[in-house]
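Enquirer:
In UniProt numbering, the protein residues as written are 1 to 441.
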């Protein structure tokens, strides 16, 4: 029994080290594979126990394969904006390209730590191996609604309209301008100052607002007063008339002291003014624009001023853009995937979450550096990137393999010696059995 058990132990040792060699070979082969998780084997002794009369029966060894999914490779920079990696704990949600085809049925969820994504002909953000990125779709204003985080149901394949254009209606104007104080002094010519401000409507069409400032010229001294008339040039209708007075005393000189409405304008367009915020709200019917005129409160924001003799409009700013064509995608550390357009306008299309499970190493190993949820991994939960236990998402980046060639070659030498030693055990047992056979001769 002792000799034959030694033979079996030697054979099991060969098998165990052959399994070890398989993982080493895979690790070396994938040392340059982005997102590859190193494989290894655990060795377990098979104890048969002691025989009768103090004898011992060799049990041999067995192995169990393990994949270190939780291990993180180094993150390296790339030149592709949609190369993505998770900097920390968690995985990216993806699905197979086949599952997004019409009539495909239930969409399968896969998880990966990194991916080199690019838009295909149909606008899907995919890898060369056929994985499609999943995310929560934003609404038309670029806001992502609240969704359930413990289910894959709200996730949709990331898809971009490659031929489409997009615009952003103007919602905010800051009237950073200076009116000449000398224009409100006795003897001034009383000429009006006109400011034309461009805005974009809901269709991306360029429109204009005319703001005419007419100084009040007194018989003597200085009035520091102006009449502001606002006209929407798209319709030619008045949007409001206001009397503006600027401070002259120390501490408030040149800043708005009072704003009095003379007329609210047509309906629409019409305006209203809030002294605390310094905001004039322009209602165009199907569009509302907040114009920063300036507050009459010394502690409030200041935009429009009256100083010296110069007239300047260089501080006027606005948001919005005309219709532009799609030029590319970018993703930020929070997973916000934005489309960029030729006008410089950007719009959030999707939020890519980071998936996590209680036991990452319990995930099922699938092909193409992807993993599936299992009973051993526990249920999946989708976090905002960079929040809770989830790492941030890095664009222009890929996670390298967790296999180290130098370490694997070292283990290769050790495994080769262990394999040879087990082969020597078998050879020795064979020779001993041959000696036993020779006793009969």
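All C-beta atoms in this analysis are idealised placements derived from N, C-alpha and C, irrespective of residue type, glycine included.
Keep in mind it's a predicted model, so treat the numbers as computed, not measured.
What are the boundary residues of the alpha helix (DSSP H) that includes residue 435?
Expert: Locating residue 435 in the chain shown gives position 435, where the first residue counts as 1. Its alpha helix (DSSP H) spans residues 405 to 438.
Enquirer: Does the structure place the region 183 to 203 close enough to the region 150 to 164 that three or more beta carbon pairs sit under 8 Å?
Expert: Segments in contact, no.
Enquirer: Tell me, which residues are paired with residue 193 by DSSP?
Expert: Here residue 193 is taken as the residue at index 193 of the chain shown, counted from 1. According to DSSP, residue 193 bridges with 213.
Enquirer: Considering only their Cβ atoms, is the gap separating residue 392 from residue 165 smaller than 7 Å?
Expert: Here the question's residue 165 lines up with position 165 in the chain shown. Here the question's residue 392 lines up with position 392 in the chain shown. The answer is no: Cβ separation not under 7 Å.
Enquirer: Report the option in 182, 431, 42 and 31 whose CA atom is closest to the CA atom of residue 73.
Expert: Within the chain shown, numbered from 1, the residue matching residue 73 stands at position 73. Checked all of 182, 431, 42 and 31; the closest Cα to residue 73 is 31.
Enquirer: Considering residue 446, what are the terminal residues of the beta strand (DSSP E) in which it resides?
Expert: The structure shown does not extend to residue 446, since the chain is modelled only from 1 through 441, so no value can be given for it.
Enquirer: Could you tell me how far apart the beta carbons of residue 81 and residue 328 are, in whole angstroms, since I believe they sit closer than 8 Å?
Expert: Here residue 81 corresponds to residue number 81 of the chain shown, with the count starting at 1. Here residue 328 corresponds to residue number 328 of the chain shown, with the count starting at 1. 6 Å between Cβ atoms; contact.
Enquirer: Kindly identify the DSSP beta-bridge partner or partners of residue 229.
Expert: Residue mapping note: residue 229 aligns to position 229 of the chain shown, counting from 1. Paired residue(s): 212 and 241.
Enquirer: Hey, out of 45, 240 and 220, whose CA is closest to residue 211's CA?
Expert: Position 211 of the chain shown, counted from the start, is the residue given in the question as residue 211. Closest by alpha carbon: 240.
Enquirer: Taking its Cβ as the centre, do 16 or more other Cβ atoms sit within 10 Å of residue 279, making it buried, or is it exposed?
Expert: For the purposes of this step, residue 279 is taken as residue 279 along the chain shown, with counting starting at 1. Residue 279 is buried by the Cβ-count criterion.
Enquirer: Within its chain, find whatever has a CB closer than 8 Å to the CB of residue 123; leave out the 5 residues flanking it on each side and keep chain order.
Expert: Translated into positions along the chain shown, residue 123 becomes position 123. Within the same chain, residue 123 has close Cβ partners 159, 160, 161 and 162.
Enquirer: So residue 295 packs on residue 256, CB below 8 Å; how close in whole Å?
Expert: Reading the chain shown from its first residue, position 295 is the one you call residue 295. Reading the chain shown from its first residue, position 256 is the one you call residue 256. The pair is a contact, with the Cβ atoms about 7 Å apart (cut-off 8 Å).
Enquirer: Which value, in whole angstroms, describes the spacing of the CA atoms of residue 225 and residue 203?
Expert: The residue labelled residue 225 in the question sits at position 225 within the chain shown. The residue labelled residue 203 in the question sits at position 203 within the chain shown. So the alpha carbons of these two residues sit roughly 38 Å apart.
Enquirer: Considering just the uninterrupted stretch of the beta strand (DSSP E) at residue 44, what are its terminal residues?
Expert: The residue labelled residue 44 in the question sits at position 44 within the chain shown. Residues 39 to 45.
Enquirer: Between 170, 200, 247 and 133, which lies nearest to residue 473 when the distance is taken from Cα to Cα?
Expert: It is not possible to answer for residue 473, since the shown part of the chain is limited to 1 through 441.
Enquirer: Quick test of the definition: if touching needs 3 or more C-beta pairs under 8 Å, does the region 347 to 356 touch the region 170 to 190?
Expert: Touching, no.
Enquirer: Evaluate residue 427 with the Cβ neighbour count: other Cβ atoms within 10 Å of its Cβ, from every protein chain shown; 16 or more gives buried, anything less gives exposed.
Expert: Looking up residue 427 in the chain shown gives position 427. Exposed, by the Cβ-count rule.
Enquirer: Should the region 364 to 374 be regarded as contacting the region 109 to 123, the criterion being three or more beta carbon pairs within less than 8 Å?
Expert: At 8 Å Cβ cutoff, the stretches touch.
Enquirer: Which term fits residue 408, buried or exposed, when burial requires 16 or more other beta carbons within 10 angstroms of its beta carbon?
Expert: Within the chain shown, the letter at position 408 stands for residue 408. With 16 or more other Cβ atoms within 10 Å, it is buried.
Enquirer: For a test of the three-state rule: what should DSSP assign to residue 264, helix, strand or coil?
Expert: To locate residue 264, count along the chain shown from 1; it is residue 264. Three-state DSSP puts residue 264 in coil, outside helix and strand.
Enquirer: Using only the alpha-carbon positions, how far apart do residue 85 and residue 76 sit?
Expert: Indexing the chain shown from 1 puts residue 85 at position 85. Indexing the chain shown from 1 puts residue 76 at position 76. One C-alpha to the other measures close to 9 Å.
Enquirer: Which residue from 234, 305 and 264 puts its Cα closest to that of residue 314?
Expert: Against the chain shown, residue 314 aligns to sequence position 314. Cα-wise, what sits closest to residue 314 is 305.
Enquirer: Do residue 184 and residue 145 have their CB atoms nearer than 7 Å?
Expert: By one-based count along the chain shown, residue 184 stands at place 184. By one-based count along the chain shown, residue 145 stands at place 145. No.
Enquirer: Can you say whether residue 417 is buried or exposed, counting buried as having 16 or more other CB atoms within 10 angstroms of its CB?
Expert: Translated into the one-based positions of the chain shown, residue 417 becomes position 417. Classification for residue 417: exposed.
Enquirer: By Cβ distance below 6 Å, which residues in the same chain neighbour residue 217 in space, the five residues on each side in sequence not counted?
Expert: As a working note, residue 217 is residue 217 in the chain shown. Answer for residue 217: 188 and 190, listed in chain order.
Enquirer: Going by Cα to Cα distance, which pick from 434, 37 and 13 is closest to residue 399?
Expert: On the chain shown, position 399 is the one that residue 399 refers to. Nearest of 434, 37 and 13 to residue 399, Cα basis: 37.
Enquirer: Which of the three DSSP states, helix, strand or coil, is assigned to residue 204?
Expert: Here residue 204 refers to the residue found at position 204 of the chain shown. In this structure, residue 204 counts as coil in the three-state DSSP scheme.
Enquirer: Exposed or buried, which one is residue 310 when buried takes at least 16 other CB atoms within 10 Å?
Expert: Locating residue 310 in the chain shown gives position 310, where the first residue counts as 1. By the neighbour-count rule (16 or more Cβ atoms within 10 Å), residue 310 is not buried but exposed.
Enquirer: Measuring only the C-alpha atoms, how far is residue 22 from residue 319?
Expert: What you label residue 22 is simply residue 22 of the chain shown in a count that begins at 1. What you label residue 319 is simply residue 319 of the chain shown in a count that begins at 1. The straight-line gap from Cα to Cα measures roughly 60 Å.
Enquirer: Could you tell me if residue 414 is buried or exposed, where buried requires 16 or more neighbouring beta carbons within 10 angstroms of its beta carbon?
Expert: By one-based count along the chain shown, residue 414 stands at place 414. Answer is exposed; the Cβ neighbour count stays below 16.
Enquirer: Which ranges does the beta strand (DSSP E) cover as unbroken runs of at least 3 residues, wholly within the region 315 to 358, from first to last along the chain?
Expert: Listed in chain order, they are 321 to 331, 336 to 341, 346 to 351 and 354 to 356.
Enquirer: In angstroms, rounded to a whole number, what distance separates the CA positions of residue 317 and residue 292?
Expert: In the chain shown, counting from the first residue as 1, residue 317 sits at position 317. In the chain shown, counting from the first residue as 1, residue 292 sits at position 292. Their Cα atoms are separated by approximately 10 Å.
Enquirer: So, with DSSP's three-state summary, where would you put residue 18?
Expert: For the purposes of this step, residue 18 is taken as the residue at position 18 of the chain shown. If DSSP states are grouped into helix, strand and coil, residue 18 belongs with the helices.
Enquirer: How would you write the range of the beta strand (DSSP E) that residue 110 sits in, first residue to last?
Expert: Your numbering for residue 110 matches position 110 in the chain shown. Segment 110 to 112, the beta strand (DSSP E) holding residue 110.
Enquirer: Quick check on DSSP: helix, strand or coil for residue 360?
Expert: As a working note, residue 360 is residue 360 in the chain shown. If DSSP states are grouped into helix, strand and coil, residue 360 belongs with the helices.
Enquirer: Short check: CB of residue 330 to CB of residue 338, under 7 Å?
Expert: Within the chain shown, the letter at position 330 stands for residue 330. Within the chain shown, the letter at position 338 stands for residue 338. It is a contact, given that the beta carbons lie within the stated cut-off.
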